[in-house]
């Protein structure tokens, strides 16, 4: 089908519109000048303010005006001089002081204020109006005691005040009413506005949130009243690109005339009416826009034939159901109400479309002859315009039948445009969940009115970041998005806890298993069953059930990873899947009250019974391989790299990549560590032995066969731990693996016979998928928007055709009390330091280390003793491990070098209790620093600092004499272990790559 769509209409970009800035100019304060009798009638019998307020509320309108009533010109003048009045309404007066005199007096003193005259109609009034100069007033209306008219006057004035801006801002539509009869437009306007405002309530249902629904009503069509041909033509010419339709009288003046010029009858020329002015106007408009709905209304019934002969619709003013007839024409031809597809021959209804999703679902089911009838008249675009769906309507308006005479191509274009619009509208918005609208094109919704919780807020924020930066999707082979998500808000948690009376056991000292059992026995509300089924159908994938508490991913305290995340497989048996989902939700709720959670709450000075839990239901990213499900890649991206090597910079960030579910990374599995700005340089692949030793050999996948309600406290109970050979058999290693050849001891990019190594060569070095570039954007935009360093979890699906999807799963600020460093380390005097490095790796503060183990690098030191020194350090390190203590390790050359002449050849297990490792350069033993490359994975995993110092050339500082002066805890020929009486303060600034070890405040006591 898509092949039939011409390229100019198959590749398009829809720009979203905002309704926030519409209808900014309002009528807030109305002054009514009326005689005491009319004022009494309005106040007591009419209750005008109460009625207007009720009208506003019923129609969902905001900002109802307030009314001030006075009886004399003097009172009016006092009010106008003291109160900011937006509109003056002058009502019928008495013999000495009628409405026109009052209005003229008001305009004489306050010329800029909007002024409207209400007058009863009689033969005498009609004659007077013929000779009145009405140009100084905004409008004159016929007053018959109908308060709906006052609402219409206010809306007509507001439309006049806002139309220019609102059309320019988003392209709102305009209905042109051409009528010079004061009595008639006073009658038709209340009906017209009543229908338009009701229509705006109906199309507000297209909104995703309540607030959006309220704003969306501002996009309703506006009404412009013209009272002669010239005025009508000028209005049409000005707004013709946004005209929804024209309703015109038949007989009215051609212009407003010129003052002082009389007709042959002695009347002012502006009152001379052309009996066919309406026909002339609509003919001229039809010449410019053949699709525009044009309606003639007339009290002369013989005008029906004239109108219909021209192809115009006709409404009889004398008909008792005139308002009903007009409403039907608005529905049929101006896009109001439901879209009724009709049989062009019989006019019978063949399909009724109620909303945008309805049109999307049925566009390919509409009979071809009906589809042709409507698209050839631009009905679809007009219906969308009337519903304020401007991006789609303006796009389709240009695709006329003259330009594209292919019904099926039109169907496809309409479908694609609706899908693109719904996707665009869903991005960055947390919609209220509607089971009738949530489908494969929906995105993010909430159930309940409470908070989204920490993770939920983070996801919504990520979605918004993606929407605000279209360059995320600049690559034709890559799509960036968040997974389909529904959040059960915190009020659902509150209701669940209270209905099931769970607080007693939850806050008790019961075991985790007892608490889980009690929660699994509880009942979730049945009202959510339909919602969950709709979510299953929309995702058709396994679902992750994730905690999202109020405190998780907080900007101000670390709370990530405290609660549970469960995964359930996708099942064809929806009721079995529903049972598993219910168990998973209840198990996540239970995890708030597990022993570790309570202990953590206490440790962070939070109160457990103040914690609230939202639950995220999220599509699991990945693909199904037989009976297991997992993504090609998962990763954790950090916008700060505290262990930069080579050309890397701290602010360029770091990413950890792994095959399979991200739980493998969270659980501390072996990952591939790379800087997104330097994807060609992967330390773990720089040496053969390193690549073979520090490569991923296992991965996690969801067990799709584990079905049942046997949920455990361990949220990984249905997660499979598999070997790389399983992934090779699944065919999931394409573009992410290299092969080690035993024959020539070489690693080759790609899949061949031999041992597989997760190298991500296709996405990092070969440009198969633009992952490095996308991660750069995610890191930059995320950190910029949060105004602080961030950590982002993500998953990637890769396809054989080199396309793929990057799913951003979570964002949180990097918050670690040990990593908060506000001090400028370079300002600390050397005499306060044991040592200082200007080339350090790591970040944070530590103040619980009292021990230093250092190699005695005096003149007797020689590299030939390095193997013996390694053995001694291994033995000392074991003592620290046994006592669960840490120390600072200082020695010459490269720690861990396989060449003992370049450094001490220890393995990680020999120095694993060290909190800081220091490479000391000597004047007689100069070796290029390793920057910890031999232990890099361990350094980063355990947060160990790595300092390089060369005191002999003033690169860094080291008070060896302080250590020599302390008594030894243990001393050998080459190694010395000393202990301070108070802890040393270790500070590392990962951004500047500076580090210091400060001496205790109190000098150590010497023996």
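In the numbering used here, the protein residues as written are 1 to 1007.
Where a beta carbon is used, it is the ideal one built from N, C-alpha and C, also for glycine.
Predicted model, so just to flag it, every value in this text is computed and none were measured.
Annotation for residue 702: the continuous beta strand (DSSP E) segment containing it runs 698-703. Between residue 246 and residue 176, the C-beta spacing is below 8 Å. The closest CA to that of residue 453, considering only 538, 548 and 482, is found on 548. Under the DSSP assignment, residue 174 falls in the beta strand (DSSP E) whose first and last residues are 174-178.
When DSSP states are grouped into helix, strand and coil, residue 351 belongs to the strand group. Annotation for residue 329: the continuous alpha helix (DSSP H) segment containing it runs 322-333.
When rounded, the separation of the alpha-carbon atoms in residue 183 and residue 73 is 26 Å. The alpha-carbon separation between residue 590 and residue 506 amounts to approximately 8 Å. For residue 340, the CB contacts under 7 Å within the same chain, skipping 5 residues up- and downstream, are 349 and 352 in chain order. Residue 249 places its beta carbon 8 Å or farther from that of residue 324. Assigned with DSSP and collapsed to three states, residue 993 falls in coil, not helix or strand. Two segments are said to touch when three or more pairs of C-beta atoms, one from each, lie closer than 8 Å; by this definition the stretch 949-960 touches the stretch 825-843.
Sorting 277, 455 and 894 by C-alpha distance to the C-alpha of residue 307 places 277 at the top. By DSSP's assignment, residue 278 forms no beta bridge with any residue. Of the other Cβ atoms in all chains shown, 16 or more fall within 10 Å of the Cβ of residue 772; this residue is therefore buried. Under the rule that a run must span 3 or more residues, the beta strand (DSSP E) segments found entirely inside the stretch 799-878 read 804-813, 833-837, 839-841 and 844-855. In this structure, residue 446 lies near residue 487, with their beta-carbon atoms less than 8 Å apart. For residue 108, the enclosing alpha helix (DSSP H) stretches over residues 99-109. Counting along the chain, residue 574 sits inside the alpha helix (DSSP H) bounded by residues 574-590.
Positions of the alpha helix (DSSP H) runs, each at least 4 residues long and wholly inside the stretch 646-711, are given as 663-666 and 688-693 in order along the chain. If you draw a straight line from the Cα of residue 149 to the Cα of residue 52, it comes to about 10 Å. It is roughly 28 Å from the alpha-carbon of residue 799 to the alpha-carbon of residue 458.
For a cut-off of 8 Å, the C-beta gap from residue 27 to residue 154 is around 5 Å, short enough to register as a contact. Listed in chain order, the beta strand (DSSP E) elements of length 3 or more contained wholly in the stretch 399-474 are 444-447.
Looking at 692, 550 and 726, the one whose alpha-carbon comes closest to that of residue 628 is 726. Using a Cβ distance threshold of 8 Å, residue 724 and residue 756 count as a contacting pair. Secondary structure in the stretch 890-956: the beta strand (DSSP E) runs of 3 residues or longer, each lying completely within the stretch, are 914-920 and 945-949 in chain order.
Ranked by how close their Cα comes to the Cα of residue 29, the residues 49, 984, 666 and 655 have 49 in first place. Secondary structure at residue 612: coil, using DSSP grouped into helix, strand and coil.
Between residue 985 and residue 848, the alpha-carbon positions lie close to 7 Å from each other.
One alpha carbon belongs to residue 910, the other to residue 841, and they sit about 20 Å apart.
Taking residue 300 as reference, the option from 318, 35 and 238 with the minimal CA-CA separation is 318. Of the candidates 253, 793 and 894, 253 places its Cα closest to the Cα of residue 231. Comparing alpha carbon positions, the residue from 345, 595, 568 and 237 closest to residue 582 is 568.
In this structure, residue 385 lies near residue 335, with their beta-carbon atoms less than 8 Å apart.
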